[in-house]
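Here's the structure we're looking at; comments come further down.
There are 4 protein chains.
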Amino acid sequence: MTSKHEFAVCDPQYERRVRESFSRQGLMKHLEARLTELKPGMAELRVAFREELTQQHGYFHAGVSGSLADVACGYAAYTLMPEDSSVLTVEYKINLMAPAQGEELIARARVVRSGKTLKICTADVFARKGETESYCATVLATIMCLAGKSDGK
Amino acid sequence: MTSKHEFAVCDPQYERRVRESFSRQGLMKHLEARLTELKPGMAELRVAFREELTQQHGYFHAGVSGSLADVACGYAAYTLMPEDSSVLTVEYKINLMAPAQGEELIARARVVRSGKTLKICTADVFARKGETESYCATVLATIMCLAGKSDGK
Amino acid sequence: MTSKHEFAVCDPQYERRVRESFSRQGLMKHLEARLTELKPGMAELRVAFREELTQQHGYFHAGVSGSLADVACGYAAYTLMPEDSSVLTVEYKINLMAPAQGEELIARARVVRSGKTLKICTADVFARKGETESYCATVLATIMCLAGKSDGK
Amino acid sequence: MTSKHEFAVCDPQYERRVRESFSRQGLMKHLEARLTELKPGMAELRVAFREELTQQHGYFHAGVSGSLADVACGYAAYTLMPEDSSVLTVEYKINLMAPAQGEELIARARVVRSGKTLKICTADVFARKGETESYCATVLATIMCLAGKSDGK
Chain A
75 MTSKHEFAVC
85 DPQYERRVRE
95 SFSRQGLMKH
105 LEARLTELKP
115 GMAELRVAFR
125 EELTQQHGYF
135 HAGVSGSLAD
145 VACGYAAYTL
155 MPEDSSVLTV
165 EYKINLMAPA
175 QGEELIARAR
185 VVRSGKTLKI
195 CTADVFARKG
205 ETESYCATVL
215 ATIMCLAGKS
225 DGK
Chain R
75 MTSKHEFAVC
85 DPQYERRVRE
95 SFSRQGLMKH
105 LEARLTELKP
115 GMAELRVAFR
125 EELTQQHGYF
135 HAGVSGSLAD
145 VACGYAAYTL
155 MPEDSSVLTV
165 EYKINLMAPA
175 QGEELIARAR
185 VVRSGKTLKI
195 CTADVFARKG
205 ETESYCATVL
215 ATIMCLAGKS
225 DGK
Chain Y
75 MTSKHEFAVC
85 DPQYERRVRE
95 SFSRQGLMKH
105 LEARLTELKP
115 GMAELRVAFR
125 EELTQQHGYF
135 HAGVSGSLAD
145 VACGYAAYTL
155 MPEDSSVLTV
165 EYKINLMAPA
175 QGEELIARAR
185 VVRSGKTLKI
195 CTADVFARKG
205 ETESYCATVL
215 ATIMCLAGKS
225 DGK
Chain S
75 MTSKHEFAVC
85 DPQYERRVRE
95 SFSRQGLMKH
105 LEARLTELKP
115 GMAELRVAFR
125 EELTQQHGYF
135 HAGVSGSLAD
145 VACGYAAYTL
155 MPEDSSVLTV
165 EYKINLMAPA
175 QGEELIARAR
185 VVRSGKTLKI
195 CTADVFARKG
205 ETESYCATVL
215 ATIMCLAGKS
225 DGK
């Protein structure tokens, strides 16, 4: 699946807006996740491995993959929303395809369809060991724009 | 949707097995989630509100709802699996229907179809304020039984 | 999962509106599906077995289960929408849990969350043999209301 | 999302096996769908527009998009299964992103993860008008291999 069209950015300050919103997510701090890349219609998040993020076999927990991918999708979509708007995840589906075993977990999301109210996004999740990334999960998400409702307090 | 049939338990020690597996999940400790109920084909998890679990507006993060519901589905299914088996989430889909605002988040899962290899589960997520629970998310999940592969180390 | 609240109907002529829309669906005619029950927030569809609806083993095709469940969800949601609106399926997920083998396939949908723009619905699909219904698929769907856009031509 | 690895084919006669199975699907005949391309881990289906395939506004019905995408995913996966096996859709999720308006509907599926028992597939659905294809739906599916259970009668 490829989406060749460039996305129109309606708020040139989107990066500041997205990063400010991300910084208010208590869960992202608690997981020590970082927003490592941001472009119109795209976002990447990373988190380093530690025991606090594991499932019962010592790999990254599916909940961490899901959380990272959901947030990556939300902010990929939020780059394309107007200044005075909030972002909301309507729903997502995740397929966990391989054990998420590695030093770092990476979620890369992009918008595949940018409607005014709804934006459809996919995210792929990779576990990195050294320079090798293994593909461990894929996500398909529906993100909603709440227009006229600023994301801040 | 109701599933009236009782499920057959093939391992009478299922509770010890499930609780032991749950206790090895680093993420559940990190979130301070508790496994508060367990019956054949059913599991309930709870987590108290704190800032470490929030999204940008101060409610429970969708990643917490997703993680709790996924784990509740997995262990609801695991109650019905044989002693010498592991449990694996193949995929889940979550619809976030209302802000998860309250003192406690509760995920209740049950098996709706118990195949030998795959078990299909649903979970509902509620945010509790005092004695009122508000329905905030619903999950549909596919859980896999890895037979002959003990869950422990 | 139970949803005890009655849903508010904002268009008392909802049944005429839903049935008129259903009658314009060429696919439903082609499958010979019938809209057999309609209440606020609920819809039931049925289709009799025939070879034109089979998959490779001679059971009802997953595409028939999916189509019926999608339409049932859409019209369950449409009962709660205003007169001057259109209905649109944003997305759905279906778990196929057992072979759909029988004389008739029945999809029963209900709204579990009725937001202004988005309505979340579930549907269960049963295959009926004589008086026995076997539960063969479950669906979780997101339906959208396009306000101010009449469904007719 | 890219999957660069070539998939290993364990049955050199996969095309004959897939086409024979496809030819037994009554629904595909009834919709007049054609299996227009088949490679290891990939399948394409097409269907021409006609009124029998419409929803209430005269576009291709979501049920047609879902059916085509599901079958394309199933047979993309089935190309990688052994001779003596059956193919089963466990579940799929579809996002309907734009009206499916055109002369022909095309579903292109590919395997993104090929496990022994489960194969994860995505499909994209396009509506073609003349030489222009518009992207109208995307699917994420879990397909199961039933080993030792021949697909034929």
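Protein chains in written order, with our numbering: chain A, 75 to 227; chain R, 75 to 227; chain Y, 75 to 227; chain S, 75 to 227.
Every residue, glycine too, gets a C-beta built ideally from N, C-alpha and C.
Computed from a predicted model, the values in this text were never measured in an experiment.
For residue 106(A), the secondary structure class from DSSP, reduced to helix, strand or coil, is coil. Secondary-structure assignment with DSSP links residue 117(A) through a beta bridge to 112(A), 183(A). Contact of residue 170(Y) with chain S is assigned, a C-beta pair being separated by under 7 Å.
If you compare the alpha carbons of 215(Y), 179(Y), 193(Y) with that of residue 209(Y), the shortest gap goes to 179(Y). When Cβ-Cβ separations below 7 Å define contact, residue 120(A) makes no contact with chain S. Going by DSSP, residue 142(R) is part of the alpha helix (DSSP H) stretching over 136 to 152.
Any Cβ of chain R closer than 7 Å to the Cβ of residue 167(S) would place that residue at the interface, and such an atom is present. Within the region 143 to 165 of chain S, those residues whose Cβ lies closer than 8 Å to any Cβ of chain R are, in chain order, 164, 165.
Rounded to whole angstroms, the separation of the alpha carbons of residue 116(S) and residue 159(S) is 18 Å.
Residue 214(Y) belongs to the set of residues whose beta carbon lies under 7 Å from a beta carbon in chain R. In the DSSP annotation of this structure, the continuous segment of the beta strand (DSSP E) that includes residue 159(R) starts and ends at 159 to 170. DSSP lists 168(R), 197(R) as the beta-bridge partner residues of residue 213(R).
At least 7 Å separates the beta-carbon of residue 107(A) from that of residue 139(A). Looking at 222(Y), 119(Y), 96(Y), the one whose alpha-carbon comes closest to that of residue 190(Y) is 222(Y). For residue 224(R), the CB contacts under 6 Å within the same chain, skipping 5 residues up- and downstream, are 158 in chain order. When DSSP states are grouped into helix, strand and coil, residue 207(Y) belongs to the strand group.
Within its own chain, the residues whose Cβ lies closer than 8 Å to the Cβ of residue 212(R), once the five positions on either side in sequence are excluded, are 168, 169, 171, 196, 197, 198, 199, listed in chain order. Here DSSP, grouped into helix, strand and coil, assigns residue 188(A) to strand. Annotation: Cβ neighbours of residue 140(Y) in chain S (cutoff 9 Å, chain order): 136, 137, 140, 141, 144, 166, 168. In the DSSP assignment, residue 88(Y) falls within the alpha helix (DSSP H) that extends over 88 to 97. Contact with chain R is absent for residue 208(A), since none of that chain's Cβ atoms lies less than 7 Å from the residue's Cβ.
As computed with DSSP, residue 202(R) is found in a beta bridge with 178(R), 207(R). Not one beta carbon of chain S lies nearer than 7 Å to the beta carbon of residue 91(Y). Residue-level contact check: residue 99(S) touches chain Y, since one or more beta carbons of chain Y fall below 7 Å from its beta carbon.
Among the CB atoms of chain Y, none fall inside 7 Å of the CB of residue 224(S).
Going by C-alpha positions, residue 219(S) is about 5 Å away from residue 161(S). Using a Cβ-Cβ cut-off of 8 Å, residue 108(A) is close to nothing in chain S; its nearest Cβ partner there is about 22 Å away.
Between residue 104(Y) and residue 177(S), the C-beta gap is not smaller than 7 Å, which leaves the two residues out of contact. At a C-beta separation below 8 Å, residue 192(R) has these neighbours in chain S: 164, 218.
Interface criterion not met: the Cβ of residue 202(Y) is under 7 Å from no Cβ in chain R.
Rounded to the nearest whole angstrom, the CA to CA distance from residue 98(Y) to residue 91(Y) is 11 Å.
Taking the Cβ atoms as the reference, residue 101(S) lies roughly 34 Å from residue 87(Y), outside the contact range of under 8 Å.
For a Cβ distance threshold of 7 Å, residue set 99, 100, 101 of chain S lies close to residue 128(Y), ordered along the chain.
The beta carbons of residue 112(R) and residue 119(R) sit no closer together than 7 Å. Residue 84(A) sits exposed, since fewer than 16 C-beta atoms from the chains shown fall within 10 Å of its C-beta. Listed by position along chain S, the residues whose Cβ is nearer than 8 Å to that of residue 125(Y) are 100.
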